[in-house]
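Participant: Order-wise, the sequence lines are chains A and B.
Going by my numbering, the first residue of the first sequence is number -5, and it counts up by one from there.
Going by my numbering, the first residue of the second sequence is number -8, and it counts up by one from there.
The C-beta atom is built at its ideal place from N, Cα and C for all residues, glycine as well.
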Amino acid sequence: MDTHTEDGNTFNYFYGAINLIAIFLIVWFLWFVFMNPNTVMKLYTPMYGFSLVVALLAAIVLLKDIAGYYPFPERSSAAFGPVKRGLLLTIAAFLLMLFIVYLFFWGFIGKFGIAYFSPKSIIASGGMGAEIFNARENASTAIVYFLTAFLWIALFWNVGFGKWPWQQTNQGVIAWSRLFAVLFFSSIVYAIMFHPHVCYLFYPAQDKAGVLSWWEGLAGTASAFFGLGLVLCILFWIVASNLLWEGHPWKQYEKNGEGTGAKGFVAFILTFTLGVVILFVLLQIMNYFWYEPFTGGQYTDGADFRYIHAGEICGFFILAAYILKYYFNNFPNVKIFWLRTTLRTLLAIGGGMLFYWFYYSPLATFFLSKVPGIAQPGDTPLVFTILFLSVVMIQVDFFEGWPLRKN
Amino acid sequence: MKRRTFLKSLAATGAATSLSGTGLLTREANARGKVDFGEVKNVRIDVLSETSWFDNDNLKKHIVDYGGAMTNQYDIPWDWDNAGGYMALLTVTTLEGEERKILLDSGWNNDWVDYIYEMNNIPEMLKSGEIELMVLSHWHLDHYWGIESTLKHKPDIKMLAPKTYYPEDMKLLKGAHLTAKNKDGKDVHICKNDVPHTGELVLCDPNGDKGDGIYRLMPGVAVRNFDVPILLRVRGENVLYFNVKDKGIVTVTGCCHPGILSLFSYARRNFKGYKPYGCYGGLHITLFESWDPKFDDIIKGVKAFKIQKLACNHCTGWIWAEKAAAAGIPVVKGTDKYKNYKRQSTVAKASNAFLTNGDHIVF
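Below, the structure is given as structure tokens:
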């Protein structure tokens, strides 16, 4: 076993394992307080809690990948240690999460523009079913979709374009420019892939605002779970190439160590293609176990469920990739590039399947108060996965691995 | 068959394939071959009560205030005055012309259930044994917590219930008064049963009584257990299948959590000589008066099966029933009888798209 890190230092796998266990316990505690349906905050309704964890992840990605930590310190220093930096960034991410959900969507866009982003505006518009439960779930659904589009474009931009075309400017310009560019493209992705679904969450349908789901003939469902699943499948390859493949194969399109237009273009096309491929493969595997889905089927028979489930599986893979990279030193670090990247990818997939097994096992009933079984309406492992991922990223990126990372 | 080809053929021919349930072992179950469970001459369904609660917003508020759809139903201090219940009387006419009765579910609020039972002569039918058995569709409060109203007339009634019960469910069946804490920390009465069940309790699972997936109640009548997770921390639902001679298969459900198309598909895949004919029951679609594009999918899917009679109510949601009727699905309309009852649901609609309290249907 090679215990050396990519930068040549020795890696202690024992500390990595302890770190992972500690993170799991923190996630469990957070779930118990905020999400567990039988305890304190009970936010897992599910969409309300879903929107909050996605907003937290989006805030982390915004601070780290879009802003490059601007205006906060990019690295800890003697004067500004990892704990101080971690606390500052964590508080910033938390406040940003609150800002995104409650001020930006509920209080601004939903209040002055698009009603379905705000529960209050939905209720104010009246009509059948316009009360707090439906309204909050529907507004949360729209927020989840928008932030999914945001995460896709943000993570892709970081891996593909990097700082291009603003690499000659200062970090502040880069941060703001990337933010506006990512928001612009996220809005387009949202409008095309998710907005039609949200418009049909109401009765009567808001058919002057949104077209009938254009993907219905292709996907066998009018649900935007089709797009959600596809985006998550694409995200797996974006994360895998960034973390497990050391930035390859897009790295060859870099110029002076910076992203280029060509790099972004190639990365976008190929990750999209690979996303379609893994979605297809996962659907075939599900067809083997559960036969073909059909229009209008529910639970595992539903085409809509199959798409989001493919995304949920990729969510587990993404989480496992982060854990492999940061807690297990991107094992194995053998010299042959294709071998180590292939093995890491397989390990991430294997680790993801372990999470899958956990989530659908009696252990999740114990830890998460989840009803046993697959495809429960109103249950998605993405909430657990994203919460876990957020805590991992906070520890790894904000706290720089403190207190247990030993390089 | 390619996915798109399959979906197109589904729409074009009404053929549908799927498996039932959600377990990974369903392939094995389906490999056992098709089942013949006999035939009945007809089946009549009397809607005793499909009004499980009277004010939808009140029910939803309790769910929201106490943690959402996955909260344990025994932890919510429900508003007793808002509680009703779901019960149906199923009368089977055998091929020999004999009438045999089955009670489906036992409602929620004992006052409401007693009122409904008296209106329909259920106490006498229970005492005399005319009602042979009770099928509990699932352990949800509105189908089960009124169990005392049934047991006080027939404590030893034979019951079929999903095997996937929780300790509180069994505690209530054996006799208990249960409470939940409200936000002030005070205990609120949520359900009670002072008459322990003493009869045979058949706990159903997807294996069935002979390992072929179903429980045979009488010739032409079967119960199938679908082990699916359900909201409010409930799991598993029993569904009744009737094979009506010369007509086809009728599904009868409490809430149909597994999904109506999955029920049809199970029948198509597993029952010999399957012909789709009808369905009755809650279909669990737009119960909270919301919509979702996947509900349009269900309309398209049900249309593809070309069933002759669809009678729905309860958790189906009026919106879905009306949209389904408008889309050409043969939705059997109800009457205004429900207006004569002492209470009505706040979401009841003049379109009568539901077969509601006091109505009946014969398949």
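Across which residues does DSSP place S40 of chain B in a beta bridge pair?
Facilitator: B:M78
Participant: Can a CB atom of chain A be found closer than 7 Å to the CB of A20 of chain B?
Facilitator: Residue confidence is low: A20 of chain B scores 43 on pLDDT, short of 50, so the model does not pin down where it sits. Its coordinate-derived value is still stated next. By this cut-off, A20 of chain B is not an interface position.
Participant: Using a beta-carbon distance below 7 Å, is G291 of chain A in contact with chain B?
Facilitator: yes
Participant: What three-state label does DSSP hand I290 of chain B in the structure shown?
Facilitator: helix
Participant: I'd like to check one pair, A53 of chain A with L90 of chain A: are the Cβ atoms closer than 7 Å?
Facilitator: Yes, the pair counts as a contact, with Cβ atoms nearer than the cut-off.
Participant: Measure the C-alpha to C-alpha separation of A20 of chain B and G253 of chain A and round it to an integer number of angstroms.
Facilitator: Note on A20 of chain B: pLDDT 43, under 50, position unreliable in the model; the coordinate value appears next. Near 54 Å, if we compare the C-alpha coordinates of G253 of chain A and A20 of chain B.
Participant: How many angstroms separate the CA atom of E131 of chain A from the CA atom of S119 of chain A?
Facilitator: 16 Å
Participant: How should N250 of chain A be labelled, buried or exposed, when 16 other C-beta atoms within 10 angstroms of its C-beta is the threshold for buried?
Facilitator: With a threshold of 16 other beta carbon atoms within 10 Å, N250 of chain A falls short and is exposed.
Participant: When you compare the region 284 to 296 of chain B with the region 306 to 315 of chain B, are there three or more beta-carbon pairs, one atom per stretch, that lie closer than 8 Å?
Facilitator: The region 284 to 296 of chain B, when compared against the region 306 to 315 of chain B, does touch it at the 8 Å Cβ threshold.
Participant: Can you give me the Cβ contacts of Y184 of chain A inside the same chain, cut-off strictly under 7 Å, excluding the 5 residues immediately before and after it?
Facilitator: Y139, F140, A143
Participant: From A:Y321, A:K364, A:T4, pick the residue whose C-alpha is nearest to that of E394 of chain A; which is it?
Facilitator: A:Y321
Participant: With a CB to CB cut of under 7 Å and the five nearest residues on each side skipped, what residues in its chain are close to N33 of chain B?
Facilitator: T84, V235, V353, F354
Participant: Helix, strand or coil, according to DSSP, for F382 of chain A in the structure here?
Facilitator: The answer is helix: DSSP assigns F382 of chain A an H, G or I state.
Participant: Assuming K324 of chain B and A344 of chain B are in contact, meaning their beta carbons sit under 8 Å apart, how far apart are those beta carbons, in whole angstroms?
Facilitator: Yes, they are in contact, since the Cβ atoms of K324 of chain B and A344 of chain B sit about 7 Å apart, within 8 Å.
Participant: Let me know the secondary structure DSSP gives G245 of chain B once reduced to three states.
Facilitator: coil
Participant: Leaving aside the five residues before and after A22 of chain B along the sequence, list all residues of the same chain whose C-beta is less than 6 Å from its C-beta, in chain order.
Facilitator: For A22 of chain B, the predicted structure reports a pLDDT of 48, less than 50, and the residue's modelled location is therefore unreliable. A value from the coordinates is still provided. The answer is none, since no qualifying residue turns up.
Participant: Below 8 Å on C-beta distance, what does S217 of chain A contact in chain B?
Facilitator: D283, P284, K285, D288
Participant: Which one of A:C227, A:L381, A:A86 has the shortest CA to CA distance from F266 of chain A?
Facilitator: A:C227
Participant: Once DSSP output is grouped into helix, strand and coil, what is the label at L274 of chain B?
Facilitator: coil
Participant: Would you list the residues sitting across from Y232 of chain B in a DSSP beta bridge?
Facilitator: B:A213, B:T242
Participant: Where do the N-terminal and C-terminal ends of the alpha helix (DSSP H) with E109 of chain B fall, by residue?
Facilitator: 101 to 110
Participant: Following the continuous beta strand (DSSP E) through H168 of chain B, name the residue where it begins and the one where it ends.
Facilitator: 167 to 172
Participant: Can you grab the Cα-Cα spacing for the pair C303 of chain B / F8 of chain A, in whole Å?
Facilitator: 59 Å
Participant: May I have the straight-line CA-CA distance separating I221 of chain B from K364 of chain A, to the nearest angstrom?
Facilitator: 11 Å
Participant: Any beta-carbon of chain B closer than 7 Å to the one on F127 of chain A?
Facilitator: At least one chain B Cβ lies under 7 Å of F127 of chain A.
Participant: So for K162 of chain B, helix, strand or coil by DSSP?
Facilitator: helix
Participant: Note down the Cα distance separating I368 of chain A from F217 of chain B, rounded to an integer number of angstroms.
Facilitator: 12 Å
Participant: Exposed or buried, M(-8) of chain B, counting other C-beta atoms within 10 Å across all chains shown (16 or more means buried)?
Facilitator: A caution first: M(-8) of chain B carries a pLDDT of 38, below 50, which makes its placement in the model unreliable, though a value can still be read off. Label assigned to M(-8) of chain B: exposed.
Participant: If distances are taken between C-alpha atoms only, which option among A:L268, A:Y247, A:V328, A:V48 comes closest to G156 of chain A?
Facilitator: A:Y247
Participant: Look up I122 of chain B in the DSSP assignment and say whether it is helix, strand or coil.
Facilitator: strand
Participant: Tell me which same chain residues have a C-beta within less than 7 Å of the C-beta of Y353 of chain A, skipping the five on either side of it?
Facilitator: The answer, listed in chain order, is P375, F378.
Participant: Rounded to a whole number of angstroms, what is the C-alpha to C-alpha distance between F88 of chain A and L24 of chain A?
Facilitator: 13 Å
Participant: Between N128 of chain A and S281 of chain B, is the Cβ-Cβ spacing less than 7 Å?
Facilitator: yes
Participant: Which class does G104 of chain A belong to by DSSP, given the choice of helix, strand or coil?
Facilitator: helix
Participant: Tell me the residue span of the alpha helix (DSSP H) that contains N49 of chain B.
Facilitator: Its alpha helix (DSSP H) spans residues 47 to 56.
Participant: Quick check on DSSP: helix, strand or coil for F262 of chain B?
Facilitator: strand
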